[in-house]
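Peer 1:
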Amino acid sequence: MNILTFDIEEWFHILDNASTRTESDWSRYETRIHRNMDRIFQILDETNTRATFFCLGWVADKHPDIIRRIDAAGYEIGTHSYAHQLAYEQTPVQFQDDLERSIKHLQELTGKKVRSYRAPGFSIKEFNHWVFPILVEQGIEVDCSVFSARRAHGGDTSLGMFEPGYLNVNGTLLKEFPINTAPVLGQDLIFSGGGYFRLLPYSAIRVLMRRSNYVMTYFHPRDFDADQPMIPGLSRTRQFKSYYGLRNCWPKLKQLLTDFPFVDLAEAEQQVDWTKVSHRDTNTIAINS
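One point on numbering: in UniProt numbering, the residue at position 105 of the sequence shown is 105, and numbering is uninterrupted.
1. With DSSP collapsed to three states, give me the class of Met-216.
2. Using the Cα positions of Ser-145 and Gly-193, report the straight-line distance between them to the nearest angstrom.
3. Note down, in chain order, each residue of its chain lying with its Cβ closer than 8 Å to the Cβ of Lys-125, except the 5 sequence neighbours on either side.
4. So for Ala-182, helix, strand or coil by DSSP?
5. Which stretch, first to last residue, makes up the beta strand (DSSP E) that contains Gln-85?
6. With three or more beta-carbon pairs closer than 8 Å as the criterion, would you say the segment 77-92 touches the segment 104-124?
7. Secondary structure at Lys-62, three-state DSSP: helix, strand or coil?
8. Kindly list the residues whose CB is nearer than 8 Å to the CB of Leu-265, restricted to its own chain and excluding five residues on each side of it in sequence; keep chain order.
9. If Met-1 sits next to Tyr-214, beta carbons under 8 Å apart, how far is it from one beta carbon to the other, in whole angstroms?
10. Can you find the residues in the same chain that come closer than 7 Å, C-beta to C-beta, to Ala-277, ignoring five residues on each side of it along the sequence?
11. Between the alpha carbons of Ile-14 and Ala-60, how many angstroms are there, rounded?
12. Sorted by chain position, which residues of the same chain lie with C-beta nearer than 7 Å to Tyr-29's C-beta, five sequence neighbours on each side aside?
13. Tell me the residue span of the beta strand (DSSP E) that contains Val-169.
14. Give the range of the beta strand (DSSP E) segment to which Asp-259 is assigned.
15. Got a sec? Which residues, its chain only, sit under 7 Å from Thr-217 by beta carbon, not counting five neighbours each side?
16. Could you say which of Ile-40, Trp-58 and Thr-20 lies nearest to Asp-98 if we only look at CA atoms?
17. Assign Lys-175 to one of three DSSP states: helix, strand, or coil.
18. What does the Cβ neighbour count give for Ala-286, buried or exposed, with the cut at 16 atoms within 10 Å?
19. Can you check which of these residues, Trp-274, Phe-127, Gly-139 and His-220, is closest to Tyr-196 by C-alpha distance?
20. Is DSSP giving His-279 helix, strand or coil here?
21. With a threshold of 7 Å (Cβ to nearest heavy atom), would Gln-138 be considered close to the ligand NAP?
22. Who are the Cβ neighbours of Asn-170 in its own chain at under 7 Å, not counting the five residues just before and after it?
23. Inspect the beta-carbon positions of Gly-233 and Asn-17 and report whether they are closer than 8 Å.
24. Using C-beta distances below 7 Å, list every residue in its chain close to Ser-25, excluding the 5 sequence neighbours before and after it, in chain order.
25. List the residues that DSSP assigns as beta-bridge partners of Glu-76.
26. Who are the near neighbours of Val-263 in its chain, counting only those whose CB is closer than 8 Å to its CB and skipping five residues on each side?
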């Protein structure tokens with residue numbers, strides 16, 4: 001099962017960086033999302049591929065035409081928060097207000113219930129599992145935020161999820177589609193999205209795809225924009241992570257969608273036998289298979 005998803009945000013939505021931290025900071029940057037979305041729509045049309053779009057409420061607010069275009073094309077829309085802030089830097093009240101705001105904007109534009117969520121930067125750690133009850137309270141039924149490996153802005157190895165399963169949230173079951181990894185030389189390697197996808201040669205990605213029974217991808221409009229300006233204030237390491245491989249990402253994605261079949265999250269949800277998946281308790285991290 002290969003799932004195709006896009007996180008719909010602007011090129012300047014760089015996390016944990018002083019010059020791109022707030023909405024007022026974003027007003028200083030040019031808009032590039034329309035041209036980048038055109039490329040995404042083009043490649044999906046050319047390869048006849050379905051995808052799920054995790055959209056910022058801020059994008060829905062500032063560029064409602066993008067959300068309407070996604071919906072009109074029949075693609076599934078989930079929320080990626082409103083203001084693209086790290087969940088573990090928010091209080092529960094801030095997180096809930098942001099989530100509620102994003103859902104409201106998206107549902108008003110599409111007239112459809114928002115059922116799925118992905119945290120900015122996969123910013124779920126063991127100490128902020130309080131996000132899961134809030135997701136359930138706000139009507140989220142499917143989460144795609146768990147990243148069971150170390151990373152700069154998140155990563156929660158305590159849950160140990162590498163394939164679809166249930167999160168037990170105070171007695172309510174939340175469906176989880178985590179990011180997948182592949183074992184390489186004793187290490188869990190991520191290859192299916194973002195900077196990881198841009199960094200690896202396509203030959204390696206193809207091998208890892210063939211070895212994997214479950215792949216959850218995540219791409220951003222900026223991943224296909226080789227001409228975007230350099231964000232000020234980034235360290236050399238952050239510059240590398242954010243800009244390396246942009247020029248080759250478009251042909252790599254096109255090759256990926258040509259070589260392998262993909263489904264959107266809704267279809268993947270139908271394909272999973274939910275009577276046989278593992279359960280994780282978000283309080284005790286116990287496994288109830």
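Built from N, CA and C at the ideal position, the CB exists for glycine as well. Every value quoted in this text rests on a predicted model; they were computed, and no experiment measured them.
Peer 2: Here's the rundown:
1. strand
2. 13 Å
3. Tyr-88, Gly-154, Gly-155 and Asp-156
4. strand
5. Where Gln-85 is concerned, there is no enclosing beta strand (DSSP E), given that its DSSP letter is neither H nor E.
6. yes
7. helix
8. Ile-3, Thr-5, Thr-52, Glu-76, Gly-78, Ser-116, Val-142, Cys-144 and Phe-177
9. 5 Å
10. One detail in the question is off: residue 277 reads as Val in this sequence, not Ala. Hits under 7 Å: Pro-164, Gly-165 and Tyr-166.
11. 18 Å
12. Phe-12
13. 165-169
14. Note, Asp-259: premise wrong, no beta strand (DSSP E); alpha helix (DSSP H) at 246-259.
15. Ile-3, Leu-4, Thr-5, Ser-192 and Gly-193
16. Trp-58
17. strand
18. Unreliable positioning characterises Ala-286 in this predicted model, as indicated by a pLDDT of 37, which lies under 50. The coordinate reading is nonetheless provided below. The residue is exposed, with fewer than 16 neighbouring Cβ atoms inside 10 Å.
19. His-220
20. strand
21. Ligands are entirely absent from the displayed structure, and the ligand NAP is therefore not among its contents.
22. Pro-133
23. yes
24. Before going further, note that residue 25 is Asp rather than Ser in the sequence given. So the qualifying residues of the chain are Ser-19.
25. Thr-52
26. Met-1, Asn-2, Ile-3, Leu-4, Arg-50 and Gln-271
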